[in-house]
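A.B. asks:
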Amino acid sequence: MRRHSTELVRLAAPIVVSRSGFLLMVMADTVMTGRFDAAELAYLAIGLGLIMPMLVTSLGLIMGTLVLTANSFGAGRLKGCGPVWRRSLNYAFVLGVVCIGIGYFGYEVLLLTGQTRDVAMHGGEIMWIVSLGLPGHLLFLSSAFFLEGIGRPSHGMVIMILANVLNVVLNWLLIDGPWLSEPMGAAGAAWATTATRWFMAIGLALVVWNLRDRDAFAIRAPLDGGFRSWRELRRIGYAIGLSVGVESVAFAVLNAYAGWLGKIPLAAYGLTLNLMALVFMLALGIGSATAVRVGIAFGRKDIPDAALAGWTGLGANVLVMCVAGVVAHVFNMPLAQIYTDDPALLAEAFVTVAFIAWVFIPDGGQAVMANALRGRRDVWMPTIIQTTSFFGVMVPFGYTSAFVWGNGTVGLFHGILAGCIVSLVALSFRFHLLARRGG
């Protein structure tokens, strides 16, 4: 247990910074846009609401990079690691181009979700601009997953820290536009994020390409096997991509529900979800580290050690999420005031920020257990469990609480809590069964 805890902290700390860094960028966009104008914050929220399903689905599709790299590294097949990264880069770029194609039709997509023409027009512009940066973000993730799989996550952390500094500077220049003819508002935040994502992609790829022991990992070796050599990467990615895609689409549905409630509820939902997602990055960092530890143990066929690694990750999540929950519940108003000083928006966010304290443990826990299962290449059952939990429980429960029971914005978070609890229980039981069977 102590060995796994030590390694988990060593891996998780930089991964948490790297994952949280992305949300910190979104948070900076949200805070700086919200302080510029509440309506612009609503446009940003609705635009990002549909970008996220594309991003996280693509993230899931390339997450096989982490699993396969960790398995090869754990089995001592170092020269099998580099080709995984090279194939992942090609895959990530293709997925990013597809995302750009979808983002181009942002206005039409938002109209189909029932948004007003004003919201659809401005939100669609945000979707298009942000989509231009998605290939860069996915290329960055391919490199980050590879480095995490070989136990070197600190490089991604450094690039992410630099990216956050760059994003804040660009936000200041573009949102408020001190040297522009007129401020760009939410569109300025979108352009800042897009530019920053390409900086991240190029920076981390150069780091991997120039690793001192690049020859040991066959990083620059010619690829062989053609499209068939991608098979295992795609197989794992299809399941994970579907799983996280379904989860993200479910959240996008709730985002559309928030839009039906009005601009203030939409903005409150957006800032609260941003705060919740920032905390979720802590859980995702723990989950990624857990997947690496489980994957390495599974690669050397040590099933009991793989089980211990998984449960250690879940325990670490509970401790971290308890602290985060207390902070959110006690300091709900100061946290909301970070995003806005609009009285009407603060009144709405006061309630929602306090409530998400209850969501942190089950939301983070289900992410950790899903990653633990993926680390041992059990990828389709987590997909089935999460699809059922989010679309079978979260979405209908959220709608019922928000509209039928009249709870409004906080009712949407009631649905999130219910879905995450069901997912956590089912995923944990699945992991227990596999550990007991020894397979």
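So the number in the working numbering is just where the residue sits in the sequence shown, counting from 1, plus 2.
The beta carbon of each residue, even a glycine, is placed where N, CA and C say it ideally should be.
None of the values given here were measured: they were computed from a predicted structure.
Return helix, strand or coil for Ala359, following the three-state DSSP convention.
C.D. replies: Residue state, collapsed to three classes: helix.
A.B. asks: With a cut-off of 8 Å on the beta carbons, I'd call Ala146 and Gly158 a contact; round off their distance for me.
C.D. replies: Sure, about 4 Å apart at Cβ, within 8 Å.
A.B. asks: Rank Leu348, Leu256, Gly377 and Asn319 by C-alpha distance to the C-alpha of Asp304 and give the top, closest one.
C.D. replies: Measuring from the Cα of Asp304, the nearest candidate turns out to be Gly377.
A.B. asks: Please classify Cys324 as buried or exposed, where buried requires at least 16 other C-beta atoms within 10 Å of its C-beta.
C.D. replies: Its Cβ having fewer than 16 others within 10 Å, Cys324 is exposed.
A.B. asks: To test your reading of the DSSP string, which unbroken alpha helix (DSSP H) runs of 4 or more residues are found completely within the region 25-97?
C.D. replies: 40-64 and 66-76, all fully within the region 25-97.
A.B. asks: By DSSP, does Leu225 sit in helix, in strand, or in coil?
C.D. replies: Reduced to three states, the DSSP call for Leu225 is coil.
A.B. asks: Can you give the Cα-Cα distance for Asp226 and Val100, rounded to whole angstroms?
C.D. replies: Cα to Cα, Asp226 sits roughly 25 Å from Val100.
A.B. asks: Could you name each continuous alpha helix (DSSP H) segment of 4 residues or more that falls completely within the region 347-396, going from the start of the chain to the end?
C.D. replies: Those alpha helix (DSSP H) runs which fall completely within the region 347-396 and span 4+ residues are 362-377 and 382-391.
A.B. asks: Given that a residue counts as buried once 16 or more other Cβ atoms are within 10 Å of its Cβ, and exposed if not, what is Val332?
C.D. replies: It counts as exposed.
A.B. asks: With H, G and I counted as helix, E and B as strand and the rest as coil, what does DSSP make of Lys303?
C.D. replies: If DSSP states are grouped into helix, strand and coil, Lys303 belongs with coil.
A.B. asks: In whole angstroms, what separates the C-alpha of Met29 from that of Leu91?
C.D. replies: Cα to Cα, the separation comes out at about 27 Å.
A.B. asks: What separation, rounded to the nearest whole angstrom, lies between the Cα atoms of Ala293 and Leu375?
C.D. replies: Straight-line Cα distance between these residues: approximately 8 Å.
A.B. asks: Less than 8 Å between the CB atoms is what I'm expecting for Leu13 and Ala291, so what's the real figure, rounded?
C.D. replies: About 4 Å; that satisfies the 8 Å criterion.
A.B. asks: If you count every other CB in all the chains shown that lies within 10 Å of the CB of Gln339, and 16 or more means buried, which is it?
C.D. replies: Flag for Gln339 reads exposed.
A.B. asks: Using only CA atoms, which one of Asp343, Thr314, Asp344 and Ala359 lies nearest to Asn334?
C.D. replies: It is Ala359 whose Cα lies nearest to the Cα of Asn334.
A.B. asks: Express the C-alpha separation of Trp130 and Pro1 in angstroms, rounding to a whole number.
C.D. replies: Outside the modelled stretch of the chain, which goes from 3 to 441, sits residue 1, for which no answer is possible.
A.B. asks: CB Leu25 to CB Ala279, shorter than 8 Å?
C.D. replies: Yes, the Cβ-Cβ distance between Leu25 and Ala279 is below 8 Å.
A.B. asks: Would DSSP call Met202 helix, strand or coil?
C.D. replies: Helix, per DSSP.
A.B. asks: How many Å lie between Val111 and Ala260 at the Cα?
C.D. replies: Near 16 Å, if we compare the C-alpha coordinates of Ala260 and Val111.
A.B. asks: Quick test of your reading: Phe219 and Leu347, contact by CB under 8 Å. State the CB separation rounded to the nearest angstrom.
C.D. replies: At roughly 50 Å, the Cβ-Cβ gap does not stay under 8 Å, so Phe219 and Leu347 are not in contact.
A.B. asks: Report yes or no: do the region 120-129 and the region 31-48 share at least 3 C-beta pairs separated by less than 8 Å?
C.D. replies: Enough Cβ pairs lie closer than 8 Å, so yes.
A.B. asks: Nearest CA to the CA of Val361: which residue from Gly138, Phe282, Pro336 and Arg432?
C.D. replies: Ranking Gly138, Phe282, Pro336 and Arg432 by Cα distance to Val361 puts Phe282 first.
A.B. asks: How would you label Asn212, buried or exposed, when you count the other beta carbons within 10 angstroms and need 16 or more for buried?
C.D. replies: Label assigned to Asn212: exposed.
A.B. asks: Provide the residue span of the alpha helix (DSSP H) that contains Glu110, from first to last.
C.D. replies: That run of the alpha helix (DSSP H) goes Gly108 to Leu114.
A.B. asks: Would you kindly report the start and end of the unbroken alpha helix (DSSP H) that includes Pro137?
C.D. replies: Here the alpha helix (DSSP H) through Pro137 covers Leu136 to Gly151.
A.B. asks: Do the CB positions of Ile423 and Pro364 come within less than 8 Å of each other?
C.D. replies: Their beta carbons are under 8 Å apart, which means Ile423 touches Pro364 by this criterion.
A.B. asks: Apply the 10 Å Cβ neighbour rule to Ala223 and answer buried if 16 or more other Cβ atoms are within range, or exposed otherwise.
C.D. replies: Flag for Ala223 reads exposed.
A.B. asks: Which value, in whole angstroms, describes the spacing of the CA atoms of Gly247 and Ile386?
C.D. replies: Gly247 and Ile386: Cα-Cα distance of roughly 12 Å.
A.B. asks: What does a CB cutoff of less than 7 Å around Gly410 pick up in its chain, not counting 5 residues either side in sequence?
C.D. replies: So the qualifying residues of the chain are Leu263, Pro267 and Ala404.
A.B. asks: Anyone know if the C-beta pair for Val132 and Leu50 falls short of 8 Å?
C.D. replies: In this structure, Leu50 lies closer than 8 Å to Val132 by Cβ.
A.B. asks: Say whether the region 32-40 touches the region 198-209, bearing in mind that this needs 3 or more beta-carbon pairs closer than 8 Å, one atom from each stretch.
C.D. replies: They do not touch, by the three-pair rule.
A.B. asks: Taking C-alpha atoms, which residue in Ile418, Met65, Val370 and Phe392 lies nearest to Thr354?
C.D. replies: The shortest Cα separation from Thr354 among Ile418, Met65, Val370 and Phe392 belongs to Ile418.
A.B. asks: Is the Cβ-Cβ distance between Ala194 and Leu176 less than 8 Å?
C.D. replies: Yes; because the gap between Cβ atoms is below 8 Å, this pair is in contact.
A.B. asks: Is the beta carbon of Gly239 closer than 8 Å to that of Gly62?
C.D. replies: It is a contact, given that the beta carbons lie within the stated cut-off.
A.B. asks: Please work out which residues of its chain come closer than 8 Å, Cβ to Cβ, to Arg89, disregarding the five sequence neighbours upstream and downstream, and give them in chain order.
C.D. replies: Hits under 8 Å: Leu225, Ser231, Trp232 and Leu235.
A.B. asks: Report the three-state DSSP secondary structure of Ile161 (helix, strand or coil).
C.D. replies: Looking at Ile161 - three-state DSSP - the assignment turns out to be helix.
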